[in-house]
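Enquirer:
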Amino acid sequence: FIFSAAERAAYDQIALDSLDIDFSLSVDLGGGRGPIPAVAHLRGNGSFWCDRKSYVLQLEGGSRSFFEESFSDEYVLLSMCLDEAYIEQHIANQLMTETGAFRLKNRYVELALDGQTRGIYLLIEKTREELVRDQTRVRSVLRRGYWEYVPKWSYDDDLDRATEAALAITANLDGLEGTELQETVDSRVDLEAYLRWLALNALIQNGDYVDEAWFMSAESLLPNGEIGEYFETMAWDADDILVDCHAGGVNAWVDPYEIAYCAEDALDFTLLEDPETYERFVDTLDRLMLDEIPPSRFDDAVNEAGLAIEPFFNRPGVAAAMTELGEANPMAAKQAVLAHMQSMRDDFAARHALL
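The sequence shown runs 2 to 356 under my numbering.
1. Along the chain, where does the alpha helix (DSSP H) that runs through L143 open and close?
2. Please confirm whether any heavy atom of the ligand MN lies closer than 6 angstroms to the CB of E259.
3. Whose C-alpha, out of V190, L204, E325, is nearest the C-alpha of M345?
4. Is it buried or exposed for D209, if we count other Cβ within 10 angstroms and need 16 for buried?
5. Take G101 as the anchor and find which of P257, A219, A350, L192 has the nearest alpha-carbon.
6. Go to L112, then tell me how far its alpha helix (DSSP H) extends in each direction, as first and last residue.
7. So, with DSSP's three-state summary, where would you put W50?
8. Mind checking which residues open and close the alpha helix (DSSP H) that includes G307?
9. Helix, strand or coil for D409, going by three-state DSSP, please let me know.
10. Go through the region 227-296 residue by residue and report every complete run of the alpha helix (DSSP H) that reaches 4 residues or more, in order.
11. Give every residue of the same chain whose Cβ lies closer than 8 angstroms to the Cβ of L174, excluding the five residues on either side of it in the sequence, and list them in chain order.
12. With DSSP run on the structure shown, which of helix, strand or coil describes W215?
13. Kindly list the residues whose CB is nearer than 6 angstroms to the CB of A322, restricted to its own chain and excluding five residues on each side of it in sequence; keep chain order.
14. For D74 and E233, what's the separation of their Cα atoms in angstroms?
15. Let me check one thing: in DSSP terms, what residues is G120 bridge-paired to?
16. Starting from K153, trace the beta strand (DSSP E) in both directions and tell me its first and last residue.
17. Taking Cβ positions, are T164 and Y150 nearer each other than 7 angstroms?
18. A354: which of N207, L199, E99, P295 sits nearest, CA to CA?
19. With burial defined as no fewer than 16 other Cβ atoms inside 10 Å of the residue's Cβ, what is the status of R108: buried or exposed?
20. Suppose you measure from the CA of D115 to the CA of A16; what does that come to, to the nearest Å?
21. Just the C-alpha distance for P331 and S5, rounded to the nearest angstrom, thanks.
22. Tell me which residue opens and which closes the alpha helix (DSSP H) that P331 is part of.
23. Rounded to a whole number of angstroms, what is the C-alpha to C-alpha distance between L60 and E328?
24. Select from S55, S64, L243 the residue whose C-alpha is nearest the C-alpha of E111.
25. Taking all protein chains shown into account, decide if P312 is buried (16 or more other Cβ within 10 angstroms of its Cβ) or exposed.
26. Tell me which same chain residues have a C-beta within less than 6 angstroms of the C-beta of F49, skipping the five on either side of it?
27. Among D21, D23, A39, I22, which residue has its Cα nearest to the Cα of D29?
28. With 16 as the cutoff for other CB atoms within 10 Å, does R189 come out buried or exposed?
29. What are the boundary residues of the beta strand (DSSP E) that includes E75?
30. Excluding five sequence neighbours on each side, which residues of the same chain lie with their C-beta closer than 7 angstroms to the C-beta of A93?
31. State the DSSP-derived secondary structure class of Q206, mapped to helix, strand or coil.
32. Here's a check: name, in chain order, each residue in its chain whose Cβ is nearer than 6 angstroms to the Cβ of R53, leaving out the five neighbours to either side.
33. Start and end of the beta strand (DSSP E) containing L223?
34. What are the boundary residues of the alpha helix (DSSP H) that A7 is part of?
35. May I have a chain-ordered list of the alpha helix (DSSP H) segments no shorter than 4 residues that lie completely inside the region 149-197?
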């Protein structure tokens, strides 16, 4: 990030007050290509007050390619200040990509402000834009919050219509059970993919995911012969894995078998409380943990995250910039990450064995 004197003064005040407003800057991507004018703003409700800010970045002058087969002018830069050792989201993204729950390309980068390193960041394609760009005849894109749907985009600019379409996913399900319940839900949203996502969250003990789900619909021919919307889901921001369910699980569905984990949305309750659908959920989890993500695969994902992040600590000033670690020495910073990697391997092995 490169600022003029006036731009830097404006940014410093925005960062100091943790304001969600745009600021101007230029971006140097390296390679002698020169600075690119851009606009950015801070992001992250829970991380606004971190010393190392996270950003949404929009480049001017057209799209750029940061990833293979990906071109965009908007990206997210996550400081991972709430992600212990900066590897949990990287690990979760790998596993969720492989299981179809995550669709955005991402990688580690180093960010500097006016030549001063701010350490390691996770660069990710911007969610709303990629979901619209990568699908055909998209009608609605929403992020699920705490028991509500927050519209982010609609093909006709009618965000209220988009919200109503999403709310229809769980409408008129009272009294339905078994096959009838599953077929009704599956006519509105990809039920198999949703159950796989629930199962994955149970396997990796995701402690906060009720509001980390995106819903996007495409124009579809519905069972009644009408043209309507069919929803798919995508996971987001999985930086709380192998941890206790937030708020002590007070809002989570209580599973008498202790298999489901931190399932908090009304749709989760409806599905898991039905014995036949619950059995389908357990079968989905069984296949996932035995065939796709045994402890050896999780260990590989941990190792891949470690290999990806380790070289950055060799760069001057990066270890000291990662203030959340409290280790200015590169070797000490690496050891802190290695220790957390081993802790994650042990915790997952225990979780897998318990299930």
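Beta carbons are placed, not taken as given, at the ideal position from N, Cα and C, and that holds for glycine.
Expert: For this structure:
1. Counting along the chain, L143 sits inside no alpha helix (DSSP H); it lies in the beta strand (DSSP E) bounded by residues 139-145.
2. This structure does not include the ligand MN; it has no bound ligands of any sort.
3. Among V190, L204, E325, the Cα nearest to that of M345 belongs to L204.
4. Under this definition D209 is a buried residue.
5. The candidate whose alpha carbon is nearest that of G101 is L192.
6. For L112, there is no enclosing alpha helix (DSSP H); the enclosing beta strand (DSSP E) has its first and last residue at 107-114.
7. Coil at W50, not helix or strand.
8. DSSP places G307 in the uninterrupted alpha helix (DSSP H) bounded by 296-310.
9. The displayed coordinates of the chain run from 2 to 356. Any statement about residue 409 would go beyond what the structure contains.
10. Along the length of the region 227-296, whole alpha helix (DSSP H) runs at least 4 residues long occupy 267-273, 276-288, reported in chain order.
11. Closer than 8 angstroms at Cβ, skipping near neighbours: L182, T185, V186, T271.
12. Strand.
13. For A322, where only same-chain residues beyond five positions count, the Cβ hits under 6 angstroms are T118, R119, G120.
14. Roughly 24 angstroms between the two C-alpha positions.
15. Looking at the DSSP assignment, G120 forms a beta bridge with L112.
16. Residues 150-155.
17. Yes, these two residues count as a Cβ contact at 7 angstroms.
18. The shortest Cα separation from A354 among N207, L199, E99, P295 belongs to P295.
19. Label assigned to R108: exposed.
20. Rounded to the nearest angstrom, the two C-alpha atoms are 15 angstroms apart.
21. Rounded to the nearest angstrom, the two C-alpha atoms are 31 angstroms apart.
22. P331 -> alpha helix (DSSP H) spans 331-355.
23. Taking C-alpha positions only, L60 is separated from E328 by approximately 33 angstroms.
24. When each option's Cα is compared against that of E111, the closest is S55.
25. Only exposed fits P312, as fewer than 16 other CB atoms lie within 10 angstroms of its CB.
26. Around F49: S19.
27. Nearest to D29 by C-alpha distance, out of D21, D23, A39, I22, is A39.
28. Classification for R189: buried.
29. For E75, the enclosing beta strand (DSSP E) covers residues 75-79.
30. Only I205, A239, I242 meet the Cβ criterion.
31. DSSP places Q206 in coil when its eight states are reduced to three.
32. Excluding sequence positions up to five before and after R53, its CB lies within less than 6 angstroms of the CB of S80, C82, R119, all in the same chain and listed in chain order.
33. Annotation for L223: no beta strand (DSSP E) segment contains it, and DSSP assigns it neither H nor E.
34. From DSSP, the alpha helix (DSSP H) with A7 extends over 6-18.
35. Complete alpha helix (DSSP H) runs here, min 4: 160-168, 179-187.
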